[in-house]
Structures are given as structure tokens and as C-alpha cells.
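**Student:** Take the sequence shown: its position 233, counting from 1, is numbered 233 in full-length UniProt numbering, and each next residue is one higher.
Backbone N, C-alpha and C define an ideal beta-carbon position, used for all residues, glycine too.
Just dropping this structure here.
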Amino acid sequence: MVDGSQDLAYVYDKAGRLVQVKQASGAVLAEYTYGAANSGSNYALGKLVLAVRHNATDYGDEVVSESFTYGGRMGRLSGKQTQLALRYPRLETRTFVQSFVWNELGDLASQGYPDDQGLADPARVVSYGYDNGYLTAVGGFVTSQVYHANGMVFRRSLANGVMEEVALDSSKMARPGQMRVVGPSGQEYWNSGTFVYDGVGNVKALVRSSTDQDVYVYDLVSRLVYARFKTAGGGTKEESLSYDAFGNLLSSVTPPTDYGSRSWSVDGVNRLAGCGYDAAGRMTACGGLTLSWTAAGELGKVQGTGINRSFLYTASGEKVMVRNELLGTAAVSLRDLGGNPVRHYLYSGGSWSWLGDDIFVGRLRIAQVTSSGTRYFHVDHLGSVRRVSTGAGALEKAYDFFPYGLPVKETVGQERLWFGSYELEHQNTPDYTDDLYFLHARWYFPSMARFLSPDPVRGDPAQPQSLNLYAYVRGNPLNAVDPDGRAALWLTPSRERAMAMAASEADFVDSLAVWMLMKDMIWYALPQQSPGAGGGGGNPWQSSQGGGGGASAGTASNQTNTSSTPAKAQLTYEEVETLVKENNLSPFSVELIISIIWAESGFRPGSQNPASTATGLMQMTKGAAATVGAEHAEMTDPAKSVRAGTAYLAWIAKQVGSDKKLVVELYNAGVGYKADFVSGKRPYTYAPRIIDCEACLLAKPQDPRTCLAIIHP
């Protein structure tokens, strides 16, 4: 890969697995080793067992090694060991061990927090409770978590007696209507006010009363241009913002007692004028800061007046260590499977000590345990910390932020995870304008509302504001977050947003964190109607340009679906197979999806059910499309229909569990009939033939005609 001054070579083994990342000079940056065999209860065959990162620092090669053991249910990850071979702040090797236990359904039942093998740090095992796959408790910290009918979190009760509530929007869409934090005696610690949305889903007001409301104004492409909000101290803050046509923030005006009036100029490639950049587009100098980058593209060092900090990373690019080279101190953060920093150690005065533990629900930190006790964090719809309570439930702190993350100046103190639940790198300077946030793939500079390096995931021409690779969430910080620095995630459903969500859902099989992120950031809508049954018929064995066939006939559910398109619009089996391979967002097999498409539409993209709104290859109704944020009018597009339909299957699976037969039946009948099928009140009439067809296609891939005939000729 040619990346400015840093040319990288990627080396793969014969199985196509990455084994090395090297510089052009031949220096190795990362090494990966895979299991050659299972050993006892360690089912490591073919899985990553060792990841080694070489950090080239001012002190030499400092190596971070992570090794993995797969003794969990179905060969899931059961153990992880992290080893740091350090040269600063002193020459030594430190080893940390953590463990994971899974329940019968593949959910993380408990995790043992990292243990420094050379330190008497406290042992901690955090357990998790579930109901139908939904997180309901975190042992010792969350006593209960209940949900709205659409899967959105409704109430979280914490062990200190504080309760967090999220009311539904009046439209019943899966977005917050109001958020509250209530103390043990019923006293209200925080009230967001009632969310008022504009027609495209932007938060335009938070109303607490006719005389007490926050107001937000947007331009024609949904960039925030004005904000007025009330602070915890009772005052009112305002910020006015302006942008160029490409989404670069050009000016910000806040009260003189906060950050005053600031402005920026931008060059022709969206870089700040007066700031330095390297050939790869990474900022190297700006506002008194000097920034150095690793060969792998991570921020390696930050220097400035009173600032000299350096960072070490793992092979996956996660920050594991920060060193204050002015003070001779260092901090290590070890992460869970979702990348959350769960345990922290501090080097100071010549020795290491345990600093504290963080407790998470998804990507949201809910509690912190230190030698001083336990604190709880209460966040807004973006994940920003708004209130902090003590272990006894008393209100301890309140925080307020300007839209792009700068705290109001009356704020006292800061938190390790603060604005947006991002990891703060506070520079210990008099104000917050030098502070940075680590967002995994990139670093965010809130005082300039932009990232330090370009987005590794390039923009979409259909969304022109996304083509600015430095802008934070396309200028819409009230309605989107960017948890990993690679993609803005929106808090109001839409087709684009739902596709990204569904892709993350499909990746959930071994990732607790991604799933809980979805539950906490609340992007589901309650299904209004299940997809209707489609029809078969026609001749899918001919080219889609050929003739044959006719109107579709009966389906697996014995409904009639008359296609509005001629037979020439019918896809071939090979075309459908390719579509599914490229667009399947569900955890189910390609063969199962093909079977459903054959049953629903007979491979006709324009198929429509006259008895309902079911449309397209996967016969998505308006209600089903809305559930996953898809545009129903686009369901005649084959790829979009497959993405939406498989996203809906993934959504059903998350509602009812991993019973494939039940999931498939409910795809046809509707999620509301779950109890009828489970109790035996309704017979399974749709799923058996779909699953039989899937099994046949898996066994006889060379003869799909015979297999599809199981459903209908």
C-alpha cells in the first residue's frame, strides 16, 4: 500500500490470511500467527493465536504481544494474554491475563478483568444477565435493564439506586422522546427535555417548558449552524457556526467567557491553512502542537508547551499505553472484546499501581471503580457524560458541552471517557483547546471540530458531505456519533443508517459490544407488518434477458402474488446467488436466503403482492422496510431488497433468539405471532420447506432446480 511517505507491504499465507505488515525498508510492523491444530479444549485450529506489534519509538522497538485461547463454548475465545516489552519508563516486560465465559446462546456470560501477573491488583469478574438475548443485568452495577417493545432501552436501574429512563418519541419511531436521571429518593438529577425533531430527523429542540428549551438550527444539508442550550448552573450558552461548501467548519462564536470568536481557513484539499500535514494528509503541526505519526498511521507523539506524550499500540491499532515524558509517568489501559478500556494501571514514582476499572454496557461506560470507591456515569443520547453519581447515589458532578465537544468553561474537571463516550487525552493545559479524543481508527480534535487524519473509509458520492475526509459527523454533532473514527452513526433511522446498523448486527456473532451498542444507541423501529408471501413460477434457468414463464402462482404460505413485471425481468439462479453473496446482512446462509427469495418472489425483482404492500425479491412490506430504515419505494432494486430483507431477518433473530425455524416462520407470518408458534397454537407451514430447500442446496449445489422444487416448481 502506498500511503504518502509510508509504503506498507502486506504478506499473506496460502490460506489468504494476513501474516505480516512490513515497511518498504523491510522492517516488520505487525505479525500474525494462526493455530495449526486443536489442543485439548483449546479449539485454535485456523484461528488467530498471536498478534505482535512492533512500536518503533525513540527508545527502540517496544513490542506489544497478544495471545488468544479458544476454550469457550463452540470454540469461542476464552482467554487473552497481553504482554508489553517496554524500554520506557523503564526496561521491563509486563504481562496481563483476562478471561471470557459464554452462555448456551453465545452471549458473553462473564469476563475476568485483566490481571497484572507482577502486581497484587484486585480480581474482578463481571457477569451479565440476558432475556431472549437482551442484556438485563450487569452483576453488581446494573440491577435491571428493561426495553420498549421495539428493542429500545426504556429503563436502567443501577446498583446505587439511581434510575435512567428513555421515553419513546411521540411518533413511536426508535429515537428518544425524553431522557431522565432520577436519584434514589425520586429527585431529578437531569432532564433532557422533550426531543423535537425536524422532518429529516434532526433534533431541533429539547423542551422542558415553554420558557426553558434548547434550540438547534441547521442549514439545508443538515449541518448545525446555531445552538442555544441551558447549563447545569442555570445559565444559557450559545454557539454560531459556519461552513464552506465542502463541510469545513470556518467559524465558531461562543460567549467571550468560553471560547469567544474563532475562525479557520481551509486549502483546496480540506486541510487547515497554517497547519502542517504529511504526504498522507495527517496533521503534523497546528496551534502550537507538533504531531508525529507511526509507520502504521497512528498518532505516535504529541508535543507542545508543557506537553510531551507518546503512545504504544497493539497489532489491531488499539492504544494500550500513554506516556507523559515530561513527568516520567505512564498509563496502561487493557480492553475488552469490544475495544472498551476496562482496566487501567499507572506508573509513577518508580513503581506500577492499579488505577481503576471501568464497567460498560456496550460502548457506554456506566461505572468506575477505584480505591476511592464507585462512581456512576449518566449520559445523553450521544453518550456524553452529563451527570456523575456516587456509589451511594448522591449527585457528584454535572457536565455540559458545546455541540462539537468542548466543555463549557464553568465545567470543573474531566472524565477519562467524556464527550460522546470517547477516550479523552487531556493535555493538562489551562483550558481544553489542546485536548484530543481517541476514536480507535483516528484522533478527534474537538476545538477544531475535525479529525487529525483523513477517513480511511472514503466518502459516498451520493452523500457529498461525506467526501470531506476530515469533518466530524458531516457537521451534524447533535444527531450522530463516530465510535470508531471510520463512519458517522446516526441516531434517527434511515435507509443508509439502517444498512450500516444491519451490517454491524450481522457481525455480532462473537461480539457482545457491537450488539449492546445497538441496544443503547437505539436505532430500531417496531415492526408494523411482516413481509408478505411472494410467488414462484417462471423460468429462472434461462438468462434474465430471455423469455418464458408468466405470472407467478401460489407460494409456500398459499397466498397469491401476481407479478407486475414480465418474465424477462426474472433473474437467473446464478444472478440471485451473486446478489445474496454480496448483500447478505443476516447471520444465515446464502442458501437459506436464496430459498426465501424463491418462495417470496420467484426471483422477480418487480414482484408485488396485491393483498399487501409486499414488494421486490424479498417481498418487503412498508412496515418491514421501516423497521430496518429502508426506503420501501426502493425495494424493486434487487440489491437493496436483499440488504433490507436480510437486515430484517437479523432483526427478527435478535428479537426472538437463535431458533432458525422460528425466525424464518416469523419472516412470513410476523413477529407478533411468536407466542402462537412457540405454544403450538399455529403450525409451521412456511419455514420447514425453506429449511429443507436450504439443506438440499447445501448438499446439491450443482442441482438447484431440484432443490427449489421443494418449495414450488
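1) Going by DSSP, which residues form a beta bridge with Thr290?
2) Count Cβ pairs between the stretch 586 to 600 and the stretch 615 to 632 that sit closer than 8 Å; are there 3 or more?
3) So, helix, strand or coil for Lys47, using DSSP?
4) Among the residues of its own chain, which have a CB less than 6 Å from the CB of Asp380, if the five just before and after it don't count?
5) What's the gap between the Cα of Ser170 and the Cα of Tyr197?
6) Just to confirm the assignment, what range does the beta strand (DSSP E) spanning Gly129 have?
7) Along the alpha helix (DSSP H) that carries Arg335, what are the first and last residues, could you check?
8) Could you please give the first and the last residue of the uninterrupted alpha helix (DSSP H) stretch that includes Gly645?
9) How is Trp598 classed by DSSP in three states: helix, strand or coil?
10) Run through DSSP, which three-state label would Val509 get?
11) Buried or exposed for Pro122, going by 16 or more other Cβ atoms inside 10 Å?
12) If you follow the alpha helix (DSSP H) that Asp692 is part of, which residue opens it and which one closes it?
13) Taking C-alpha atoms, which residue in Ala295, Gly133, Leu291 and Ser316 lies nearest to Ser310?
14) Measure the alpha-carbon distance for Val342 versus Ala167 and round it to whole angstroms.
15) Taking the straight line between their C-alpha atoms, what separation do you get for Glu164 and Tyr376?
16) Could you give the residue range of the beta strand (DSSP E) that holds Thr93?
17) Are the stretch 472 to 485 and the stretch 252 to 259 touching by the rule of at least three beta carbon pairs closer than 8 Å?
18) How close, in whole Å, do the beta carbons of Leu312 and Val302 come, if the pair is a contact with beta carbons under 8 Å?
19) Would you kindly check if the distance between the Cβ of Tyr472 and the Cβ of Arg450 is under 7 Å?
20) In chain order, which beta strand (DSSP E) runs of at least 3 residues are fully inside the stretch 1 to 76?
21) The beta strand (DSSP E) with Phe438 in it runs from where to where?
22) What whole-angstrom Cβ distance do Gly247 and Gln465 have, given they're in contact under 8 Å?
23) Quick check: what's the CA-CA separation for Arg73 versus Ser447?
24) For Lys319, report the span of its alpha helix (DSSP H) as first-last.
25) For a minimum of 4 consecutive residues, which ranges assigned as the alpha helix (DSSP H) are wholly contained in the stretch 356 to 383?
26) Would you kindly check if the distance between the Cβ of Ala51 and the Cβ of Tyr70 is under 7 Å?
27) Can you tell which of Ala630, Ala27 and Gly350 has the C-alpha that lies nearest to the C-alpha of Leu91?
28) What residues in its chain sit with their C-beta under 7 Å from that of Ser222, if we drop five residues either side in the sequence?
29) Helix, strand or coil: which one does DSSP assign to Asp115?
30) Helix, strand or coil for residue 742? Go by DSSP, reduced to three states.
31) Reducing DSSP to helix, strand and coil, say where Asp676 ends up.
32) Among the candidates Ala24, Asp267, Gly391 and Gly139, whose CA atom is the shortest distance from the CA of Val162?
33) Is Asn195 near Gly177, with beta carbons less than 7 Å apart?
34) Only counting the same chain, and skipping five residues up and downstream in sequence, which positions put a Cβ closer than 6 Å to that of Pro683?
35) Output yes or no for whether 7 Å exceeds the beta carbon distance between Phe96 and Ser78.
**Tutor:** Let me spell this out:
1) Along the sequence shown, one-based indexing puts residue 290 at 290. According to DSSP, Thr290 bridges with Ala285 and Gln303.
2) yes
3) For the purposes of this step, residue 47 is identified with residue 47 of the sequence shown, where counting begins at 1. The answer is coil: DSSP assigns Lys47 none of H, G, I, E or B.
4) Translated into the one-based positions of the sequence shown, residue 380 becomes position 380. Taken in chain order, the residues that qualify are Arg386.
5) As a working note, residue 170 is residue 170 in the sequence shown. As a working note, residue 197 is residue 197 in the sequence shown. Between the C-alpha atoms of Ser170 and Tyr197 there is a straight-line separation of about 10 Å.
6) By one-based count along the sequence shown, residue 129 stands at place 129. Here the beta strand (DSSP E) through Gly129 covers Val125 to Asp131.
7) Position 335 of the sequence shown, counting from 1, holds the residue named residue 335. Note, Arg335: premise wrong, no alpha helix (DSSP H); beta strand (DSSP E) at Thr329 to Arg335.
8) By 1-based counting over the sequence shown, the position of residue 645 is 645. Pro638 to Val656 is the extent of the alpha helix (DSSP H) around Gly645.
9) One-based indexing of the sequence shown puts residue 598 at position 598. Here Trp598 sits in helix by DSSP.
10) To locate residue 509, count along the sequence shown from 1; it is residue 509. Any reading at Val509 must be qualified, since the residue scores a pLDDT of 31, below 50, and its modelled position is unreliable; the value itself is stated next. Correct three-state label for Val509: helix.
11) For this step, residue 122 is matched to residue 122 along the sequence shown. Under this definition Pro122 is an exposed residue.
12) Stepping through the sequence shown from its first residue, residue 692 is reached at position 692. Its alpha helix (DSSP H) spans residues Ala687 to Ala699.
13) Walking along the sequence shown from the start, residue 310 turns up at place 310. Selected option, being the one with the closest Cα: Leu291.
14) Sequence index remark: in the sequence shown, residue 342 carries index 342 (1-based). Sequence index remark: in the sequence shown, residue 167 carries index 167 (1-based). Those two C-alpha atoms are separated by around 29 Å.
15) Sequence index remark: in the sequence shown, residue 164 carries index 164 (1-based). Sequence index remark: in the sequence shown, residue 376 carries index 376 (1-based). Their backbone Cα atoms lie some 11 Å apart in a straight line.
16) As a first step, residue 93 must be located in the sequence shown, where it is residue number 93. Note, Thr93: beta strand (DSSP E), Glu92 to Trp102.
17) no
18) Position 312 of the sequence shown holds residue 312. Position 302 of the sequence shown holds residue 302. That belief does not hold up - the Cβ atoms of Leu312 and Val302 are roughly 14 Å apart, past 8 Å.
19) As a first step, residue 450 must be located in the sequence shown, where it is residue number 450. As a first step, residue 472 must be located in the sequence shown, where it is residue number 472. Cβ distance < 7 Å, so Arg450 and Tyr472 count as in contact.
20) Those beta strand (DSSP E) runs which fall completely within the stretch 1 to 76 and span 3+ residues are 6 to 12, 18 to 23, 28 to 34, 48 to 57 and 60 to 69.
21) One-based indexing of the sequence shown puts residue 438 at position 438. Here the beta strand (DSSP E) through Phe438 covers Leu436 to Phe438.
22) As a position in the sequence shown, residue 247 is number 247, starting the count at 1. As a position in the sequence shown, residue 465 is number 465, starting the count at 1. Rounded, the Cβ-Cβ distance is 5 Å, consistent with contact.
23) Counting from one through the sequence shown, the residue named residue 73 turns up at place 73. Counting from one through the sequence shown, the residue named residue 447 turns up at place 447. Across the structure, Arg73 and Ser447 are spaced so that their CA atoms are roughly 46 Å apart.
24) In the sequence shown, counting from the first residue as 1, residue 319 sits at position 319. Note, Lys319: premise wrong, no alpha helix (DSSP H); beta strand (DSSP E) at Lys319 to Asn324.
25) The alpha helix (DSSP H) runs lying completely inside the stretch 356 to 383 and spanning 4 residues or more number zero.
26) Indexing the sequence shown from 1 puts residue 70 at position 70. Indexing the sequence shown from 1 puts residue 51 at position 51. No, the Cβ-Cβ distance between Tyr70 and Ala51 is not below 7 Å.
27) In the sequence shown, counting from the first residue as 1, residue 91 sits at position 91. Measuring from the Cα of Leu91, the nearest candidate turns out to be Gly350.
28) For this step, residue 222 is matched to residue 222 along the sequence shown. Hits under 7 Å: Val200, Asn202 and Asn476.
29) To locate residue 115, count along the sequence shown from 1; it is residue 115. Residue state, collapsed to three classes: strand.
30) Residue 742 cannot be examined here, being either before or after the span of the chain that is shown, 1 to 713.
31) Translated into the one-based positions of the sequence shown, residue 676 becomes position 676. Here Asp676 sits in helix by DSSP.
32) In the sequence shown, counting from the first residue as 1, residue 162 sits at position 162. For Val162, the nearest C-alpha among the options comes from Gly391.
33) Stepping through the sequence shown from its first residue, residue 195 is reached at position 195. Stepping through the sequence shown from its first residue, residue 177 is reached at position 177. Rather than Asn, the amino acid found at residue 195 in this sequence is Phe. Cβ distance < 7 Å, so Phe195 and Gly177 count as in contact.
34) Looking up residue 683 in the sequence shown gives position 683. Excluding positions up to five away in sequence, the list is empty.
35) Translated into the one-based positions of the sequence shown, residue 96 becomes position 96. Translated into the one-based positions of the sequence shown, residue 78 becomes position 78. No, they are not a contact pair.
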